[in-house]
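Visitor:
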Amino acid sequence: MLRWARAWRLPRRGLGPSSPSFSRVPVAPSSSQGGTEPRPVPLSYRLLDGEATRPPLVFLHGLFGCKTNFNSIAKALAQQTGRRVLTVDARNHGDSPHSPDMSYEAMSQDLQDLLPQLGLVPCVLIGHSMGGRTAMLLALQRPELVERLIAVDISPVESPSSLNFPNYIAAIRAIDIPDEASLSSARKLVDEKLSCVIQSISMRQFLLTNLVEVDGRFTWRVNLDALAQHLDKILNFPPRPETYSGPALFLLGGNSQFVLDCPQDFMAAVRDFLA
30 MLRWARAWRL PRRGLGPSSP SFSRVPVAPS SSQGGTEPRP VPLSYRLLDG
80 EATRPPLVFL HGLFGCKTNF NSIAKALAQQ TGRRVLTVDA RNHGDSPHSP
130 DMSYEAMSQD LQDLLPQLGL VPCVLIGHSM GGRTAMLLAL QRPELVERLI
180 AVDISPVESP SSLNFPNYIA AIRAIDIPDE ASLSSARKLV DEKLSCVIQS
230 ISMRQFLLTN LVEVDGRFTW RVNLDALAQH LDKILNFPPR PETYSGPALF
280 LLGGNSQFVL DCPQDFMAAV RDFLA
């Protein structure tokens with residue numbers, strides 16, 4: 030049975046609510062200068078209200094995802110726990126601004142800027158995949174902002190080389206969609222093109238949630254250029270000198286493709302943690 034561990038040290042390397050409030054920001058470039066902290070961008074979010082005396086829940090989505098991935102579970106947890114629940118679009122995803130910087134340091138800095146502004150610290154930080162690594166880094170950098178950490182289907186070590194994200198991005202960028210096409214026909218066209226590279230229907234449907242029509246033209250909500258340029262960083266965890274000793278939970282899928290190559294000592298620690 031899954032349970033909380035009293036403490037978990039991240040490896041030093043590899044590693045009934047009221048009406049919701051919304052924030053939607055325009056696409057805008059952002060940059061950081063070498064040797065300085067990344068410049069935060071104003072993230073789009075959805076906040077479900079609840080008791081301010083209890084640590085809020087903050088959900089971070091994975092690569093190609095967005096805050097709406099957690100709509101059902103966020104609403105259910107807000108109702109069942111009475112806590113405030115925040116879902117966030119990472120930079121270059123959903124309704125958040127596009128930026129040429131797609132490092133975990135930049136994504137962590139975005140949250141370090143947003144969470145105190147909203148009065149949501151310390152929080153229970155729940156991250157899936159890419160969001161899980163962002164959560165881990167934030168816990169290492171600013172442990173006082175994190176009451177508990179939950180990493181879903183991801184570890185702080187290098188992702189398996191068998192993942193096909195580079196091919197996914199290349200295939201998406203190669204598709205030319207006629208301006209006169211309807212949204213349904215555009216999605217059908219993209220699905221047919223991607224089927225040559227992506228066999229999974231559910232994965233293609235997931236990627237298609239990023240295809241939108243803006244001012245009569247089809248575009249992708251995700252910043253494909255930034256993802257392609259920084260994909261190697263996204264598939265790895267930045268080495269850090271700190272450790273995080275707060276309560277943490279790692280949830281690993283039985284058929285997961287993301288944690289196959291974990292060192293034995295890490296996997297043994299995870300098994301002890303889940304015992």
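Residue numbers for the sequence shown follow this note's numbering, beginning at 30 and rising by one. Even glycine gets a Cβ: it sits at the ideal position worked out from N, Cα and C. This one's a predicted model, so the numbers in the text were calculated from it and none came from an experiment.
Within the same chain, show all residues whose beta-carbon is closer than 7 Å to that of G94, passing over the 5 residues directly before and after it, in chain order.
Guide: These residues qualify, in order along the chain: H122.
Visitor: Pick from A210, L92 and N265: whose alpha carbon is nearest that of V241?
Guide: Measuring from the Cα of V241, the nearest candidate turns out to be A210.
Visitor: Would a C-beta distance cut-off of 8 Å place N239 and W249 closer than the cut-off?
Guide: In this structure, W249 lies closer than 8 Å to N239 by Cβ.
Visitor: Tell me whether P40 is buried or exposed, calling it buried when 16 or more other Cβ atoms sit within 10 Å of its Cβ.
Guide: Bear in mind that a pLDDT of 41 at P40, under 50, signals an unreliable position, so the model cannot answer this.
Visitor: If G111 and G79 are in contact, beta carbons under 8 Å, what's the gap, nearest whole angstrom?
Guide: The pair is a contact, with the Cβ atoms about 5 Å apart (cut-off 8 Å).
Visitor: I need the boundaries of the beta strand (DSSP E) containing T163, first residue and last residue.
Guide: Careful: T163 lies outside any beta strand (DSSP E), inside the alpha helix (DSSP H) at M159 to Q170.
Visitor: Going straight from the alpha carbon of R171 to that of L278, what length do you get?
Guide: Rounded to the nearest angstrom, the two C-alpha atoms are 18 Å apart.
Visitor: Grouping DSSP H, G and I as helix and E and B as strand, with all else coil, what is A34?
Guide: In this prediction, A34 scores a pLDDT of 35, lower than 50, which makes its location untrustworthy; the coordinate-derived value is nonetheless stated afterwards. Here A34 sits in coil by DSSP.
Visitor: Tell me whether the beta-carbon of V87 lies closer than 8 Å to the beta-carbon of L144.
Guide: Yes, the pair counts as a contact, with Cβ atoms nearer than the cut-off.
Visitor: Closest by CA to P276, which one among I230, V175, Q258 and C225?
Guide: It is V175 whose Cα lies nearest to the Cα of P276.
Visitor: Do D118 and S125 have their C-beta atoms closer together than 8 Å?
Guide: Result yes, Cβ atoms of D118 and S125 sit closer than 8 Å.
Visitor: DSSP has L240 in a bridge; who is on the other side?
Guide: W249.
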